[in-house]
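Protein chains: 2
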Amino acid sequence: MNSHLSSARPFPERLIVAANRLTRIAALATGSTTPASVWRSLSILETDGSLRIGELARRSRVTQPTMTKLIQGLAEDELIYRIADVADSRAWLIAITPKGTAALDAWRVEVGAALAPTFEGLSAEESEILERAVAILEERTETARVATRDEVA
Amino acid sequence: MNSHLSSARPFPERLIVAANRLTRIAALATGSTTPASVWRSLSILETDGSLRIGELARRSRVTQPTMTKLIQGLAEDELIYRIADVADSRAWLIAITPKGTAALDAWRVEVGAALAPTFEGLSAEESEILERAVAILEERTETARVATRDEVA
DNA sequence: CCCAGCTATATAGTTCGGCTATATACTTGA
DNA sequence: TCAAGTATATAGCCGAACTATATAGCTGGG
Numbered sequence: 837m838n839s840h841l842s843s844a845r846p847f848p849e850r851l852i853v854a855a856n857r858l859t860r861i862a863a864l865a866t867g868s869t870t871p872a873s874v875w876r877s878l879s880i881l882e883t884d885g886s887l888r889i890g891e892l893a894r895r896s897r898v899t900q901p902t903m904t905k906l907i908q909g910l911a912e913d914e915l916i917y918r919i920a921d922v923a924d925s926r927a928w929l930i931a932i933t934p935k936g937t938a939a940l941d942a943w944r945v946e947v948g949a950a951l952a953p954t955f956e957g958l959s960a961e962e963s964e965i966l967e968r969a970v971a972i973l974e975e976r977t978e979t980a981r982v983a984t985r986d987e988v989a
Numbered sequence: 837m838n839s840h841l842s843s844a845r846p847f848p849e850r851l852i853v854a855a856n857r858l859t860r861i862a863a864l865a866t867g868s869t870t871p872a873s874v875w876r877s878l879s880i881l882e883t884d885g886s887l888r889i890g891e892l893a894r895r896s897r898v899t900q901p902t903m904t905k906l907i908q909g910l911a912e913d914e915l916i917y918r919i920a921d922v923a924d925s926r927a928w929l930i931a932i933t934p935k936g937t938a939a940l941d942a943w944r945v946e947v948g949a950a951l952a953p954t955f956e957g958l959s960a961e962e963s964e965i966l967e968r969a970v971a972i973l974e975e976r977t978e979t980a981r982v983a984t985r986d987e988v989a
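Taken in sequence, the protein lines are chains A and B. The opening position of the first sequence corresponds to residue 837 in our numbering, with each subsequent residue numbered one higher. The opening position of the second sequence corresponds to residue 837 in our numbering, with each subsequent residue numbered one higher.
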């Protein structure tokens with residue numbers, strides 16, 4: 837009954853390898869030198885709203901110093917801006933700017949175009965499966981989850 | 837009528853972000869310092885058989901010098917070995933060792949365990965979708981494809 | 001009301017993966 | 001047999017992300 841030998845191995849590790857390859861394909865195809873962490877962070881700011889640096893670092897899964905530096909670059913490029921946290925003057929709230937949203941959208945278009953050959957000629961059924969798989973993955977990797985089960989580091 | 841707002845945007849770029857997050861989650865959860873390129877390369881050697889350095893570099897989507905260096909480390913750890921190419925003394929054939937296969941398997945188990953919480957409590961239907969999605973992705977990111985449409989660099 | 005201890009961000013310094021440019025060794029065809 | 005091309009190796013650089021630590025601000029018990 838089971839002619840799908842590939843199913844013999846659980847999917848998580850196969851998914852990781854495939855994800856890895858996809859990431860590599862996209863990076864090479866777009867030729868973008870911008871680190872993935874930038875797009876990860878911007879998309880988190882877009883969906884989760886403004887956040888403190890520490891919290892953004894946690895959700896983006898990098899350390900706080902890494903995020904501080906990342907933020908500095910993004911601020912220079914005016915893709916994000918800092919709002920003083922009135923309740924705590926040590927902290928900043930980081931928010932995405934319209935320019936940041938535009939950059940994110942442009943990147944998405946670029947990635948979409950770069951991956952077009954890879955996903956060329958998918959059947960309607962295959963597209964449907966990928967669409968639904970993405971939805972599941974998005975739900976399962978939701979950034980808000982990180983906050984509750986942190987303490988990893 | 838359309839409550840699936842997420843479907844409004846095509847999946848490739850969403851898939852990239854999700855893939856990226858998964859990679860990050862896996863990397864953090866395993867705490868592995870081993871670069872992804874190692875596992876990518878080893879799994880290519882496992883599925884595609886022994887390859888020249890240049891060809892392995894292409895399929896692993898790194899440059900040749902990067903692969904040369906990577907190979908040196910893997911050889912020291914005895915995860916791969918070099919076979920002199922009888923037809924061309926400039927070239928080497930790189931092959932995975934039993935120890936390399938074992939390391940790859942161990943990593944897979946580790947990643948599987950690390951991602952278990954992320955994929956906990958999936959319904960049978962969701963699992964089915966992910967399984968099939970992985971199969972599609974594997975097919976679409978197959979390394980042998982790279983060789984034919986290279987010339988990117 | 002003030003200081004010890006905690007928390008939020010910033011800075012310093014290191015490590016390491018991956019890249020480009022180039023050298024070296026070998027092959028091949030005219 | 002040698003010029004041009006190809007396969008791998010070496011050198012040097014860049015930058016992302018880490019750990020350790022400094023600085024500044026908050027907060028509660030005495």
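All C-beta atoms, glycine included, are put in the ideal place defined by N, C-alpha and C.
Measure from the alpha carbon of residue i to the alpha carbon of each residue in the options, then state which is nearest.
i	options	result
P846/B	L951/A, L915/A, K905/A	L951/A
G909/A	A855/A, R894/A, T870/A, R944/A	T870/A
M903/B	L929/B, S925/B, A923/B	L929/B
P804/A	T954/B, S925/B, T977/B, A960/B	Because chain A spans 837 through 989 in this model, residue 804/A falls outside it and cannot be assessed.
R976/B	S868/A, S925/A, E956/A, D924/A	E956/A
What are the start and end residues of the beta strand (DSSP E) that includes residue i?
i	result
L958/A	Unbroken run through L958/A: none, as it is neither H nor E.
R926/A	It is not in any beta strand (DSSP E) - R926/A carries neither H nor E in the DSSP assignment.
R918/A	916-920
Using a Cβ-Cβ cut-off of 8 angstroms (strictly less than) and excluding sequence neighbours within five positions of residue i, which residues of its own chain qualify?
i	result
L973/B	none
L958/A	L966
A862/A	V947, A950, L951
N925/B	In the sequence under discussion, the amino acid at residue 925/B is Ser, which differs from the Asn named in the question. Correct list: empty, nothing qualifies.
Near residue i, what residues of its chain come up, given a Cβ to Cβ distance below 7 angstroms and the 5 sequence neighbours on each side ignored?
i	result
W943/A	W875
S873/A	S896, V898, L906
K935/A	E914, L915
A971/B	none
T933/A	E914, L915, I916, Y917
S886/A	I919, L929, I930, A931
T791/A	With chain A running from 837 to 989 in the structure shown, residue 791/A is simply not present.
G867/B	none
On the premise that residue j lies in contact with residue i, defined as a C-beta separation below 8 angstroms, what is that separation, rounded to the nearest angstrom?
i	j	result
T979/B	D884/B	6 angstroms
A927/B	R888/B	5 angstroms
Q900/A	A893/A	5 angstroms
A969/A	A960/B	Not confirmed; about 15 angstroms, so no contact.
Just to confirm my understanding: we take residue i, look at its own chain, exclude 5 residues before and 5 after, and list those with CB closer than 6 angstroms. What are they?
i	result
A939/B	L915
V988/A	The predicted position of V988/A is uncertain, since its pLDDT is 35 and thus under 50; no value can be drawn from it.
A865/B	A950
L841/A	Interpretation of L841/A is limited by its pLDDT of 42, a score under 50 that renders its predicted location unreliable; no figure is taken from the coordinates.
Could you please give the first and the last residue of the uninterrupted alpha helix (DSSP H) stretch that includes residue i?
i	result
E946/A	934-951
D913/A	Element bounds for D913/A: n/a, residue is neither H nor E.
G890/B	889-896
S873/A	872-884
P846/B	Careful: P846/B lies outside any alpha helix (DSSP H) and carries neither H nor E.
Checklist entry - Should the stretch 875-891 of chain B be regarded as contacting the stretch 914-922 of chain A, the criterion being three or more beta carbon pairs within less than 8 angstroms? => result no
Item to check | Contact between the stretch 941-949 of chain B and the stretch 959-970 of chain B (3+ Cβ pairs under 8 angstroms) | outcome: no
Checklist entry - Would you call the stretch 851-860 of chain B and the stretch 848-859 of chain A in contact, with 3 or more CB pairs under 8 angstroms? => result yes
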